[in-house]
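The opening residue of the sequence shown carries number 1 in UniProt numbering; numbering runs sequentially from there. By construction, the Cβ of each residue, glycine as well, lies at the ideal position given by its N, Cα and C atoms.
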Amino acid sequence: MSSAETPKTAKGVFIKTYGCQMNVYDSERMRDVLRPLGYAPVDSPENADLVVLNTCHIREKATEKVYSELGQLKRMKEGSGGKMTIAVAGCVAQAEGEEIMRRQPAVDLVLGPQAYHKLPEMIARASRAVGDRLETEFDTLEKFDALPKTREADGPTAFLSVQEGCDKFCTFCVVPYTRGAELSRPVDDITLEARALAAQGVREISLLGQNVNAFHGASPALTNETDWTLGQLVRHLAKIGGIERIRYTTSHPRDMDDDLIAAHGDTPQMQPFLHLPVQSGSDRILKAMNRGHTADEYREIIRKVRAAQPDIAMASDFIVGFPGESDEDFEATMQLVRDVNYAIAYSFKYSPRPGTPAAEMFGQVPEEVKDVRLQALQKLLREQQIAFNESKIGQTVPVLVTGRGRREGQAHGRSPWMQAVHFNGPENLTGEIVDVKITDASLNSLSGDLVRTREVAL
Ligand code: 5AD
Ligand code: SF4
Numbered sequence: 001m002s003s004a005e006t007p008k009t010a011k012g013v014f015i016k017t018y019g020c021q022m023n024v025y026d027s028e029r030m031r032d033v034l035r036p037l038g039y040a041p042v043d044s045p046e047n048a049d050l051v052v053l054n055t056c057h058i059r060e061k062a063t064e065k066v067y068s069e070l071g072q073l074k075r076m077k078e079g080s081g082g083k084m085t086i087a088v089a090g091c092v093a094q095a096e097g098e099e100i101m102r103r104q105p106a107v108d109l110v111l112g113p114q115a116y117h118k119l120p121e122m123i124a125r126a127s128r129a130v131g132d133r134l135e136t137e138f139d140t141l142e143k144f145d146a147l148p149k150t151r152e153a154d155g156p157t158a159f160l161s162v163q164e165g166c167d168k169f170c171t172f173c174v175v176p177y178t179r180g181a182e183l184s185r186p187v188d189d190i191t192l193e194a195r196a197l198a199a200q201g202v203r204e205i206s207l208l209g210q211n212v213n214a215f216h217g218a219s220p221a222l223t224n225e226t227d228w229t230l231g232q233l234v235r236h237l238a239k240i241g242g243i244e245r246i247r248y249t250t251s252h253p254r255d256m257d258d259d260l261i262a263a264h265g266d267t268p269q270m271q272p273f274l275h276l277p278v279q280s281g282s283d284r285i286l287k288a289m290n291r292g293h294t295a296d297e298y299r300e301i302i303r304k305v306r307a308a309q310p311d312i313a314m315a316s317d318f319i320v321g322f323p324g325e326s327d328e329d330f331e332a333t334m335q336l337v338r339d340v341n342y343a344i345a346y347s348f349k350y351s352p353r354p355g356t357p358a359a360e361m362f363g364q365v366p367e368e369v370k371d372v373r374l375q376a377l378q379k380l381l382r383e384q385q386i387a388f389n390e391s392k393i394g395q396t397v398p399v400l401v402t403g404r405g406r407r408e409g410q411a412h413g414r415s416p417w418m419q420a421v422h423f424n425g426p427e428n429l430t431g432e433i434v435d436v437k438i439t440d441a442s443l444n445s446l447s448g449d450l451v452r453t454r455e456v457a458l
């Protein structure tokens, strides 16, 4: 690659993101790192000089998708005369780096989630065909320090990573192995990033972390205090002008402290939505999962959260067919769902992951049983989701406008409870918080009419 002949803006990068919001954030940051090297995003791999697959290792299905995608990219690379650079990033890269390179020689680079700041140097090495193709060392702090401090905002909502990794070691989960030990960013760094986003018109930030409510970042330099909790961080970020909405995801029941719960009631920017995965409603299974709490302790947390913010939308993740799960255990999960009443939830069949304790446990549940349980659970969750959405019909709700609709005179946005809202109203409202009267609801969205635009404090 000669920079003399190739104008700096002539290179295209295509990043395909799998899995969680952490990966969505990481893909944005990779784009930031690559921009100064002249890489501009393109919308298909055919037009790209560099293709990055940002992968997910959480379940087997997610991992297998990566290998089939790599097969297609290999053919594209051959078609391009070998000019395309293929990089595999994310959690599959971390867990199976050597295997990826063995199974798919067309891959030029493999880099784990803690190595994204090294992407430019790796591309340079690969283009000279020298040095290592594999970078999967753990050094989260170095990653955060080395990534560019400024970011280009992409619309009025943004993710902001505050914490990475996990020390909980749930027996089914690969995250502690792929993302490493829990680590929080210093409050000053987070504040800087949040201010820069606000200055570009971002109104809603979602604080991200694998275990976000375990956050314990260094307090601001001038305070001389001990590490801050997530509740303290939220109250601090709420003071930034322009930041009207704050969310955080994903939380663990064990780290749901009273101050964070209180912030749901006393901090107006805190949105009434809480994703608090429980995985199972059976104490026996929760114990085998190493979750560190019982079903009733979870119910008690929800009671406290609802006392602080009665309007909250609850969300969760569930796994059915964990080893040893009986019909009775599964019924306990169904009962917990009936008791809590979720606005939205994600449910999965247990997928044994190599290297995790549960993969070796006795009592693996047959696929057919997992299928039946998943269908029953998803039916119940769907009913609750529709009922929750329908409960908004007739209400006037504040909607952060995220863009124009497909047809003229239509726009879309997000409700405080994370629902997509489509409404009739003038265009060019993007970035404003407007009042919309809800007239209809479906499983995945609300629709309504603009009542008025609000005066927004900047
Ligand atoms: N099998 C099935 N689901 C899993 N999850 C994590 N590991 C597994 C696994 N081995 C689910 C959990 C978690 C979500 C991100 O993915 O519900 O909360
Ligand atoms: Fe995985 Fe459990 Fe950590 Fe969540 S808390 S990332 S499920 S180990």
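In this structure, how does DSSP classify residue i when only helix, strand and coil are distinguished?
i           : result
residue 23  : helix
residue 130 : Its pLDDT being 49, under 50, residue 130 is placed unreliably in this model, and the coordinates cannot settle the point.
residue 171 : coil
residue 448 : strand
residue 319 : strand
residue 17  : strand
residue 438 : strand
residue 226 : coil
residue 62  : helix
residue 54  : strand
residue 163 : strand
residue 380 : helix
residue 333 : helix
residue 326 : coil
residue 478 : This structure cannot speak to residue 478, because the chain is shown only from 1 to 458.
residue 219 : coil
residue 443 : coil
residue 287 : helix
residue 123 : helix
residue 313 : strand
residue 158 : strand
residue 248 : strand
residue 179 : coil
residue 142 : helix
residue 46  : helix
residue 191 : helix
residue 342 : coil
residue 152 : coil
residue 231 : helix
Could you check whether residue j and residue i sit closer than 9 Å to each other, using their CB atoms as the reference points?
i           : j           : result
residue 202 : residue 156 : yes
residue 281 : residue 333 : yes
residue 70  : residue 104 : yes
residue 16  : residue 41  : no
residue 48  : residue 78  : no
residue 51  : residue 92  : no
residue 336 : residue 298 : yes
residue 179 : residue 164 : yes
residue 145 : residue 213 : no
residue 418 : residue 343 : yes
residue 398 : residue 436 : yes
residue 22  : residue 113 : yes
residue 271 : residue 204 : yes
residue 322 : residue 365 : yes
residue 265 : residue 198 : no
In terms of DSSP beta bridges, what is residue i paired with?
i           : result
residue 39  : 11
residue 211 : In the DSSP output, where bridge partners are listed per residue, residue 211 has none listed.
residue 424 : 410, 449
residue 397 : 436
residue 279 : 318
residue 404 : 411
residue 184 : 163
residue 88  : 53, 110
residue 347 : 318
residue 273 : 313
residue 204 : 157, 245
Flag residue i as yes if its beta-carbon sits less than 9 Å from any beta-carbon of chain B, otherwise no.
i           : result
residue 413 : Given the protein chain composition of this structure (a single chain), no chain B is represented.
- Query: Given 8 Å as the limit, is there contact between the stretch 404-422 and the stretch 253-262, that is, 3 or more CB pairs closer than that?
  - Reply: The answer is no - the stretch 253-262 does not touch the stretch 404-422, with fewer than three Cβ pairs under 8 Å.
- Message: Count Cβ pairs between the stretch 311-321 and the stretch 264-281 that sit closer than 8 Å; are there 3 or more?
- Response: These segments touch.
- Message: Does the contact criterion of 3 or more C-beta pairs under 8 Å hold for the stretch 286-293 versus the stretch 171-179?
- Response: Output reads yes: the stretch 171-179 touches the stretch 286-293.
- Three-pair Cβ contact test at 8 Å for the stretch 235-254 versus the stretch 174-191: Flag = yes, the stretch 235-254 and the stretch 174-191 touch.
- Item | Sequence-ordered residues whose beta carbon comes within less than 6 Å of a heavy atom of ligand 2 | Any residue whose Cβ sits closer than 6 Å to a heavy atom of ligand 2 makes the list: 166, 168, 169, 170, 173, 175, 176, 210, 211, 252.
- Message: Assess contact between the stretch 367-385 and the stretch 339-357, defined as three or more Cβ pairs (one per stretch) separated by less than 8 Å. Is contact present?
- Response: Short answer: they touch.
- Message: So, does the stretch 379-389 touch the stretch 442-449, judging by three or more C-beta pairs under 8 Å?
- Response: Under the Cβ criterion (8 Å, minimum of three pairs), the stretch 379-389 counts as touching the stretch 442-449.
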